[in-house]
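What follows is a single structure, written as structure tokens, with notes after it.
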Amino acid sequence: MPDSLGESFVTADLFSLEGKSALVTGGSSGLGLIMAKGLLQNGVKVIIASRSKEKCDEALASLNEFGDCRAIAADVTKASERKLLVEFAKKEFGSLSILINNAGANWGAKLEDYPDDGFAKVMDTNINAVFSLSRDMTPLLQEASSSSDPSRIINIGSMDGIHVPIVQRVPTFAYSASKAALHHLTRTMAVDLASRNITVNAVAPGFFASKMTDYVFENFKDDIEDDCPLHRVGKPAEIVGIINYLASRAGAYTNGTVIPVDGGTSISKGRREWTD
Ligand SMILES: NC(=O)c1ccc[n+]([C@@H]2O[C@H](COP(=O)([O-])OP(=O)(O)OC[C@H]3O[C@@H](n4cnc5c(N)ncnc54)[C@H](OP(=O)(O)O)[C@@H]3O)[C@@H](O)[C@H]2O)c1
1359 MPDSLGESFV
1369 TADLFSLEGK
1379 SALVTGGSSG
1389 LGLIMAKGLL
1399 QNGVKVIIAS
1409 RSKEKCDEAL
1419 ASLNEFGDCR
1429 AIAADVTKAS
1439 ERKLLVEFAK
1449 KEFGSLSILI
1459 NNAGANWGAK
1469 LEDYPDDGFA
1479 KVMDTNINAV
1489 FSLSRDMTPL
1499 LQEASSSSDP
1509 SRIINIGSMD
1519 GIHVPIVQRV
1529 PTFAYSASKA
1539 ALHHLTRTMA
1549 VDLASRNITV
1559 NAVAPGFFAS
1569 KMTDYVFENF
1579 KDDIEDDCPL
1589 HRVGKPAEIV
1599 GIINYLASRA
1609 GAYTNGTVIP
1619 VDGGTSISKG
1629 RREWTD
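For the sequence shown, the numbering used here begins at 1359 and goes up steadily by one.
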């Protein structure tokens, strides 16, 4: 029998995450909370982190029933708090198999009103902090990695880093630039960290319900759905599914990619009539 036929391709084996450990930044709400739940339900020990202790405590209380979860309040844009995060992960788990850089910020304003500090805050959170935290977590990720089961860094980018954002009535200059930069950082870090058995990939979501999208959903939900070839926004399971793939044996050879999960929005011009 050829070797390949001795291996299990059963979904439960191929996509198993059992025994892994993960840190999800921005895990106290929105997509981060959903990813944390998905990981916990699949046997991963999870640390969630965000700035607000209150939000972390609340999220932890709701996640505890799904598995082994811990929480720490930490601002990823501050070096001293990233240090706390690394020390916490080391104390709790000893090593780390999955780092999900999900914490993110946005700022929407017309060009004339777009403030320098708003632009800087978005860049600090969405790109600078991802680089710094990934660098600082590398020793712990390396500790958990092997050539057959690399550790994984998964960056949460955006379809807005692929195309020019659709909801142009609220321009988000810094956000789309930061996400495009994050996609490219993903590629450069993937090449650099491969020799340490750490893969780096990005997921580029389209629109999903969260605090970040409250405003646009309230005001432009019809436009958003019109612009998506599937005519709808994303569902939580569709984010969990891609994270599970990237973190599992099935995703071990996927490296340096940016995977859109946006119903085809970023490659479409939308379904509205051209005369609209
Ligand atoms: N929802 C979408 O449609 C969508 C689409 C594309 C991409 N994304 C990306 O998905 C990620 C999650 O966004 P979301 O939609 O779930 O928004 P969200 O509900 O507002 O969640 C953002 C999370 O990040 C945390 N956070 C923000 N700044 C932080 C900092 N400096 N340090 C640590 N944690 C911080 C927030 O908690 P605290 O306030 O407690 O810090 C919160 O837990 C972001 O990177 C976003 O760009 C979302």
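Glycine included, every Cβ here is placed at the ideal spot set by N, Cα and C.
query, result
"C-alpha distance - F1367 paired with L1540, whole-angstrom precision", "33 Å"
"Bridge partners - A1429, DSSP secondary structure assignment", "I1406"
"Minimum C-alpha distance to A1611 - residue among F1565, V1549, D1580", "It should be noted that the sequence gives Tyr, not Ala, for residue 1611. Residue V1549 is the option with its Cα nearest to Y1611."
"Same chain, Cβ closer than 6 Å to D1634, neighbours up to 5 away in sequence not counted", "In this predicted model, D1634 has a pLDDT of only 47, less than 50, meaning its place in the structure is not dependable enough to derive any value."
"Supposed close pair I1457, M1495 - CB separation, criterion 8 Å", "Ile is not the amino acid found at residue 1457; the sequence shown has Leu there. Sure, about 5 Å apart at Cβ, within 8 Å."
"I1456 in three-state terms, based on DSSP", "strand"
"Among K1403, T1571, S1492, the one whose alpha carbon lies nearest that of V1434", "S1492"
"Residues sharing a beta bridge with P1618, DSSP", "A1562"
"Top-ranked residue by Cα proximity to S1637, from T1369, G1384, K1537", "Given a span of 1359 to 1634 for the chain in the structure shown, any question on residue 1637 remains unanswerable."
"DSSP state of A1380 mapped onto helix, strand, coil", "strand"
"For S1626, the three-state DSSP class (helix, strand or coil)", "coil"
"heavy atom of ligand 1 below 7 Å from S1516 C-beta", "yes"
"Paired residues, beta bridge with T1557 - DSSP", "R1510"
"At least three beta-carbon pairs within less than 8 Å, the segment 1414-1421 to the segment 1463-1474", "no"
"Closest by C-alpha distance to F1489, when choosing among L1543, G1592, S1387", "L1543"
"T1623 beta carbon near ligand 1 (any heavy atom closer than 7 Å)", "no"
"Coil, strand or helix - F1477 by DSSP", "helix"
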